[in-house]
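Enquirer:
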Amino acid sequence: MTTSFLSEVKRQPESRTVKLVWSDGFTGECPYDTLRGYCPCAGCQGHWAQEIQYHAPAAAVEPLRIEPVGNYAISIHWSDGHATGIYRFDYLRDLCSRQEEVQ
Numbered sequence: 017m018t019t020s021f022l023s024e025v026k027r028q029p030e031s032r033t034v035k036l037v038w039s040d041g042f043t044g045e046c047p048y049d050t051l052r053g054y055c056p057c058a059g060c061q062g063h064w065a066q067e068i069q070y071h072a073p074a075a076a077v078e079p080l081r082i083e084p085v086g087n088y089a090i091s092i093h094w095s096d097g098h099a100t101g102i103y104r105f106d107y108l109r110d111l112c113s114r115q116e117e118v119q
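17 is the number of the first residue of the sequence shown in this note's numbering; add one for each residue after it.
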């Protein structure tokens, strides 16, 4: 697990990605559909999920608002009304690092 934190989060509507920059210089871009499809909340994954599963969004979604959660995560409010996922920094970094695998 990394000890770095997110220093920049930027929606990029033209590429339908969120750009994530960490304090150690690592930069990644996650597609909207990947972030929404891998939402870590219990409503999407179940309360006892051992492994996060991809759940394809019903429609083309986009983040309306992205907010910090303490010093460890962000919350994304989606255009489909979903807003309960808390995306920990280490989880986001893993998603960004594995883009080839998760798409």
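Positions of the beta carbon are idealized from the N, C-alpha and C atoms, including for glycine. Model, not experiment: these values are computed from the prediction.
Express the C-alpha separation of Val37 and Pro73 in angstroms, rounding to a whole number.
Expert: Cα to Cα, Pro73 sits roughly 25 Å from Val37.
Enquirer: Less than 7 Å between the beta carbons of Arg27 and Pro79, yes or no?
Expert: In contact: Arg27 and Pro79 (Cβ atoms closer than 7 Å).
Enquirer: Just how far apart, CA to CA, sit Tyr54 and Arg109?
Expert: For Tyr54 and Arg109, the distance between alpha carbons rounds to 13 Å.
Enquirer: Which of the three DSSP states is assigned to Gln115 in this structure?
Expert: Here Gln115 sits in helix by DSSP.
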